[in-house]
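S.K.: Handing you this structure, nothing more for now.
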Amino acid sequence: MFGNGRQREAGVLVEDYADRVRTAAGHLTRLLADGGTRVDNPADEPVAPGDDRPIELRPDAEVVRIGSDPARGVCTAAVDGGSACLVNGRSFWVVAYRAGTIWHRDRATVREERDQLVLRTLNQTDAKAEYAHALAAAGVVRGRELADLGGVVDVLRELAEWERARQAVAEAGPGDLVLVDGSLHPGPYMPAAVVRPVHELALERGVDLVGVTKASKLRWGRYAPLVLRVRRRAEAEVGPDARWLLRVTDDADAAGTTWRSEVYVARLARRGAYAFRVDAVRGHRSAEELFAVLAGLSDDPAFLGYPYPLARVHQVVSLPGHLLADLRRDLREALLREGLAEDDVDLVLRDFHLTLNA
Amino acid sequence: MPDQHPGYKGRIFGRSVLDVRFRAFYGEDLFLGELLVGTDGERGRRYLFRVTDVAYGSESSDDGWAERTAGGLMAMDQVGEPTGMRDVERRLYKVAKVSSLGYLGADRSFHKPKSLPAQFGEVTAPTQADLEFLRERMGDVEIGRLRSGEDTIDLPVGIRGETLPSHVGVFATTGMGKSNLMKVLAGQLLAAHGRYALLLFDPHGEYLNGGGPPRKGLADHPLAPERLRVYSPSPRPGQGNLLRLSLAELSVDDLRTAWKFTVPQSEALESAAAHLGEKGEWLVRLAEEEPEELKDGSELGRYALATIQVLARRAKRIVRLPLMTSDPSQSLTGKVLDDLADGKVVLIDTSGLEAVEETLVASLLTRSLLEERTDAYRSDRERFGRLPRTLVALEEAQRVLTRLDDAEFNVFPRLAREGRKFNVGLCAVTQQPKLIDAELLSQFNTYFVLGLADERDRSILRSSSKQDLSDLGPEIQTLMPGEALVTNPEAPFALPSKVHYYEDWLQTLPEPEAARPRPVGAMQGFYD
């Protein structure tokens with residue numbers, strides 16, 4: 018369409034470009050200033066059990082200052098997973114994932130465990146079967162079908178993570194912590210039947226089970242990011258250099274159920290750049306005590322305000338670029354050994370978007 | 015830091031034959047100049063390395079990680095919250111850059127570094143056996159112990175006395191240990207039983223007595239009574255001979271070495287020496303007669319009065335020096351040369367003299383020594399062969415070694431260029447090697463490099479040394495007092511060393527054997 022660079026520039030620099038940018042900025046600013054009280058429950062990030070109805074966050078919900086507790090002798094397990102889609106053929110996928118656990122005590126990681134890398138080639142039918150199989154392995158019957166089969170790797174990884182979380186809770190002693198990357202709540206493809214037994218096991222063993230969501234989609238009123246709004250309010254109330262928590266859910270949200278997972282927004286270091294959604298199934302600690310321990314774990318200068326064990330386990334299980342490059346190379350060689358012509362291998366492995374974007 | 019076997023330092027991961035890199039645990043305390051060994055199990059070789067730089071490393075692939083983490087620490091500092099890295103040894107490490115000095119083959123022979131050690135080979139501290147090959151290359155003039163970083167290894171470092179005529183340079187900023195090194199060197203030559211001689215000029219009066227308690231000097235050396243000779247214009251009772259030099263011995267060249275003369279002044283000086291009388295009379299006349307009279311009544315008439323006045327002023331200064339005498343029979347030059355021929359350490363105390371006067375004295379004595387040895391070489395090879403190798407040590411040597419071209423009249427460049435042939439070496443002591451002519455520096459086979467603050471000084475040494483010092487700039491810069499690098503063609507590489515502390519070293523010396531009492535009646539009949 019565009020014959021040369023000048024024409025392409027002309028295509029981008031439309032006359033009302035500046036107006037459009039101003040309009041976008043104004044819209045975002047109004048969103049952030051929204052004064053509502055309703056916390057929306059995105060379908061993929063629920064805050065309440067069972068459904069995705071919104072909850073009310075009272076305007077007077079208290080921002081509570083928290084301390085920092087080094088929690089000497091307390092063991093913290095952290096669970097995370099890493100995954101990647103090596104080949105996306107739209108009708109088939111080659112996916113890789115793994116989960117792992119690290120154990121941290123007295124400022125040092127004392128044990129690291131990592132599952133062997135799982136490599137699966139899935140087509141539409143395989144993906145559904147694999148999902149059902151993974152749920153069955155967790156003792157759960159599939160309730161709904163995956164809508165986006167391309168995202169099957171994320172679901173498989175999450176299931177592996179929950180299995181790791183279950184094992185960690187089972188191994189942890191009373192007063193220990195098990196940290197999970199992400200929400201503790203069920204999602205559209207993560208049945209409550211997978212999650213709830215882990216919560217119950219934690220309660221039974223007196224273990225604090227905590228989920229930290231790095232990028233929460235929870236929203237306030239009309240799509241204002243909840244964490245940002247809470248942080249702004251907290252800074253106004255307790256100052257910019259404070260650790261604090263604000264409980265988003267209250268006991269009424271789980272009234273009449275055995276559901277004990279609470280949702281908070283918290284800032285875990287006085288100079289941390291971020292606040293996070295934190296879910297907690299508390300063992301024996303009060304919220305203030307638990308968050309003080311979390312704050313004590315969040316003082317590593319490289320990850321200020323984020324529990325260090327979660328950062329560590331992320332590094333243990335993530336699939337770095339060089340590993341993925343190795344996997345793709347091995348896959349290519351295996352395909353050639355299988356007798357596939359080189360041109361066909363290129364077609365299978367090439368993503369035309371990369372060609373377009375080059 | 016995980017438990018490893020003692021001496022374990024890390025693993026090689028790169029990079030080339032002359033630029034090897036290894037990874038070390040974060041807690042490993044690596045020092046510039048530290049000597050290490052890289053094990054090549056594949057070929058049964060042990061590579062000797064010298065640490066030339068140490069850098070930070072982290073498991074993070076993000077370039078900005080360390081900077082951000084420092085910011086995190088500072089942020090916590092600002093709010094008064096103590097913190098620190100967790101899992102430090104897992105996340106941080108060190109990368110050491112080492113130069114390969116060579117390798118020991120399976121037969122323990124040392125080879126120059128021409129091949130790459132095995133990748134991922136283990137790096138360890140050297141064992142005694144790894145360095146044993148050095149022992150036979152260390153000479154009989156020991157100045158200290160081998161140093162590895164900040165540790166001292168029980169292996170002597172020194173030079174062969176035979177190489178003294180190949181000239182020695184001692185380079186250091188003030189306070190880095192020049193004087194101590196010179197005392198140790200002189201002390202070793204005192205103990206050499208006459209194999210070597212040393213003519214040592216002492217402009218600061220610190221070599222004889224160390225400059226005062228608790229320092230010690232050459233006078234405290236147990237062999238001083240036997241082998242040290244001291245000459246001073248004003249000797250303390252019992253501590254030396256009165257230095258007397260004859261005006262007749264001074265040459266035009268000595269004056270030109272001590273002072274800068276313009277071309278007309280130089281020509282007038284030559285004329286004065288040629289026409290105003292022999293055996294020093296020309297100097298006396300220049301000093302005592304009025305310049306106007308000299309201009310009107312002598313061969314100096316063709317020179318400007320101002321030129322003659324300059325010569326007259328300088329001649330007056332020389333003639334009035336208490337150590338100069340117009341009576342040639344009182345000169346002690348001959349005695350100094352005899353002492354040197356006898357393998358003594360001769361200390362000339364010039365501390366009471368001004369710089370030009372000191373240069374004048376040094377020039378006269380050095381020239382006399384060189385002429386004597388040249389004569390012996392040319393006329394009596396047998397006698398020449400018996401003369402000890404002799405070193406002339408001069409402080410602030412840059413004053414007289416600025417230009418090689420000065421060798422035409424200046425004895426010191428001439429000594430640097432020709433002395434080796436006549437078994438006389440120059441020991442140039444300076445804190446400003448950059449002021450010494452590069453070609454002259456290249457004549458020096460042995461360098462003792464102590465701490466040097468000025469990059470230009472380090473640079474000229476790197477370019478002129480007999481060993482490759484190109485990677486050692488940071489190490490020279492960070493040398494502590496008493497730490498030195500010794501380069502010498504005999505050594506396989508620039509040797510890091512810790513110079514003996516003279517006062518401590520004296521304590522280790524054995525007392526000389528007491529003179530045996532004469533047998534009764536031995537002198538009978540001599541004084542009848």
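Chains as they are written, first to last, in the numbering used here: chain P, 18 to 375; chain B, 15 to 542.
Ideal Cβ placement from N, Cα and C applies to all residues, glycine included.
These numbers come from a predicted model, not from an experiment.
Return the CA-CA distance between P:V96 and B:F45, expressed in angstroms with no decimal places.
M.R.: Cα to Cα, the separation comes out at about 40 angstroms.
S.K.: Contact between the segment 16-31 of chain B and the segment 87-98 of chain B is defined here as three or more beta-carbon pairs at a separation below 8 angstroms; is this criterion met?
M.R.: They do not touch, by the three-pair rule.
S.K.: Considering only residues of the same chain and omitting the five flanking positions on each side of P:D296, which have a CB-CB separation below 6 angstroms?
M.R.: Closer than 6 angstroms at the Cβ level, and outside the excluded window around P:D296, lie S200, L201, G228, S278 and V280.
S.K.: Using DSSP bridges, identify the partner residues of B:T166.
M.R.: Beta-bridge pairing links B:T166 to B:R161.
S.K.: For a quick check, are the C-beta atoms of B:K274 and B:A301 less than 7 angstroms apart?
M.R.: Their beta carbons are not under 7 angstroms apart, which means B:K274 does not touch B:A301 by this criterion.
S.K.: Tell me which residues share the same chain as B:N255 and place their Cβ nearer than 6 angstroms to its Cβ, disregarding the 5 neighbours each side in the sequence.
M.R.: Around B:N255: Y245.
S.K.: Within 10 angstroms of the Cβ of B:F134, are there 16 or more other Cβ atoms? Answer buried if so, exposed if not.
M.R.: Exposed, because fewer than 16 other Cβ atoms sit within 10 Å of the Cβ of B:F134.
S.K.: In the DSSP output, which residue or residues are listed as bridge partners for P:M379?
M.R.: This structure gives no information on residue 379 of chain P, because the portion of chain P shown stretches from 18 to 375.
S.K.: Using CA atoms only, rank isn't needed, just tell me which of P:V172, P:D360 and P:D132 is closest to P:A149.
M.R.: Nearest of P:V172, P:D360 and P:D132 to P:A149, Cα basis: P:V172.
S.K.: Any beta carbon of chain B sitting closer than 7 angstroms to that of P:Y325?
M.R.: Taking Cβ atoms only, chain B reaches closer than 7 angstroms to P:Y325, which makes this a yes.
S.K.: Pick from B:E525, B:E409 and B:E453: whose alpha carbon is nearest that of B:T188?
M.R.: B:T188 has its Cα closest to that of B:E409, out of B:E525, B:E409 and B:E453.
S.K.: Taking the continuous beta strand (DSSP E) assigned at P:Y313, which residues delimit it?
M.R.: Correcting the residue identity first, residue 313 of chain P is Gly in this sequence and not Tyr. It is not in any beta strand (DSSP E) - P:G313 instead sits in the alpha helix (DSSP H) that spans A304 to G313.
S.K.: Establish whether the CB of B:G86 and some CB of chain P are separated by less than 7 angstroms.
M.R.: Answer yes: the Cβ-Cβ gap between B:G86 and chain P drops below 7 angstroms somewhere.
S.K.: For the segment 309-321 of chain B against the segment 282-290 of chain B, do three or more pairs of beta-carbon atoms, one drawn from each stretch, fall closer than 8 angstroms, so that the two count as touching?
M.R.: Flag = yes, the segment 309-321 of chain B and the segment 282-290 of chain B touch.
S.K.: Which same chain residues end up closer than 6 angstroms to B:F436 when comparing Cβ atoms and leaving out the 5 residues on each side of it in sequence?
M.R.: The answer, listed in chain order, is R387, T388 and Y391.
S.K.: Have a look at the DSSP bridge pairing and note the partners of B:D216.
M.R.: DSSP, once it has assigned bridges, lists B:D363 as partnering B:D216.
S.K.: Output yes or no for whether 7 angstroms exceeds the beta carbon distance between B:F124 and B:L118.
M.R.: Their beta carbons are under 7 angstroms apart, which means B:F124 touches B:L118 by this criterion.
S.K.: Could you check if B:E489 is buried or exposed, using at least 16 other CB atoms within 10 Å of its CB as the buried criterion?
M.R.: With 16 or more other Cβ atoms within 10 Å, it is buried.
S.K.: Can you give the Cα-Cα distance for P:V362 and P:Q141, rounded to whole angstroms?
M.R.: Approximately 21 angstroms, taken between the alpha carbons.
S.K.: Taking the beta carbon of B:H289 as the centre, do at least 16 other beta carbons fall within 10 Å, making it buried, or is it exposed?
M.R.: The residue is exposed, with fewer than 16 neighbouring Cβ atoms inside 10 Å.
S.K.: Report the rounded CA-to-CA distance for P:E305 versus B:M90, giving the unit in angstroms.
M.R.: Roughly 21 angstroms between the two C-alpha positions.
S.K.: With a CB to CB cut of under 6 angstroms and the five nearest residues on each side skipped, what residues in its chain are close to B:F540?
M.R.: With a pLDDT of 42 at B:F540, under the threshold of 50, the modelled position of that residue is not reliable, and the figure given next carries that caveat. So no residue of the chain qualifies.
S.K.: Taking only runs that begin and end inside the segment 42-102 of chain B, name each unbroken beta strand (DSSP E) of 3 or more residues, in chain order.
M.R.: Segments of the beta strand (DSSP E) lying fully in the segment 42-102 of chain B: 49-54 and 59-72.
S.K.: Taking 7 angstroms as the CB-CB limit, is P:R236 close to chain B?
M.R.: False, the Cβ-Cβ gap to chain B never drops below 7 angstroms.
S.K.: Excluding five sequence neighbours on each side, which residues of the same chain lie with their C-beta closer than 6 angstroms to the C-beta of P:R248?
M.R.: The answer, listed in chain order, is A292.
S.K.: Identify each residue in the segment 123-149 of chain P for which the Cβ-Cβ distance to at least one residue of chain B is less than 7 angstroms, and report them in chain order.
M.R.: Per Cβ criterion, the list reads R124, A125 and T126.
S.K.: So which residues of chain P does B:T444 contact, with C-beta pairs closer than 8 angstroms?
M.R.: Here the premise fails: no neighbours, minimum Cβ distance about 48 angstroms.
S.K.: Going by DSSP, what residues sit across from P:N105 in a beta bridge?
M.R.: DSSP lists P:W110 as partners of P:N105.
S.K.: In chain B, which residues lie less than 8 angstroms from P:A319 when you measure between Cβ atoms?
M.R.: Within 8 angstroms Cβ-Cβ: S74, W79, R82, T83, G86, M99 and R105.
S.K.: Compute the beta-carbon to beta-carbon distance between P:L49 and P:L245, rounded to the nearest angstrom, for a pair I have assumed lies under 8 angstroms.
M.R.: Confirmed, Cβ separation roughly 7 angstroms.
S.K.: Name the residues in the segment 274-301 of chain P whose C-beta lies less than 7 angstroms from a C-beta of chain B; which are they?
M.R.: Of all residues in the segment 274-301 of chain P, R287 and R288 have a Cβ within less than 7 angstroms of some Cβ in chain B.
S.K.: Check whether the Cβ atoms of B:G153 and B:V513 sit closer than 7 angstroms, and answer yes or no.
M.R.: For B:G153 and B:V513, no; Cβs fall outside 7 angstroms.
S.K.: Return the residues of the segment 328-339 of chain P that lie within a Cβ-Cβ distance of less than 8 angstroms from chain B, sorted by chain order.
M.R.: Listed by position along the chain: R329, Q332 and P337.
S.K.: Are P:V186 and P:L134 closer than 7 angstroms when you measure CB to CB?
M.R.: No, Cβ-Cβ distance for P:V186 and P:L134 is not below 7 angstroms.
S.K.: Have a look at the DSSP bridge pairing and note the partners of B:I173.
M.R.: Its beta-bridge partners are B:V155.
S.K.: Quick check on P:D316 - is its C-beta less than 7 angstroms from some C-beta in chain B?
M.R.: Chain B contact via Cβ: present.
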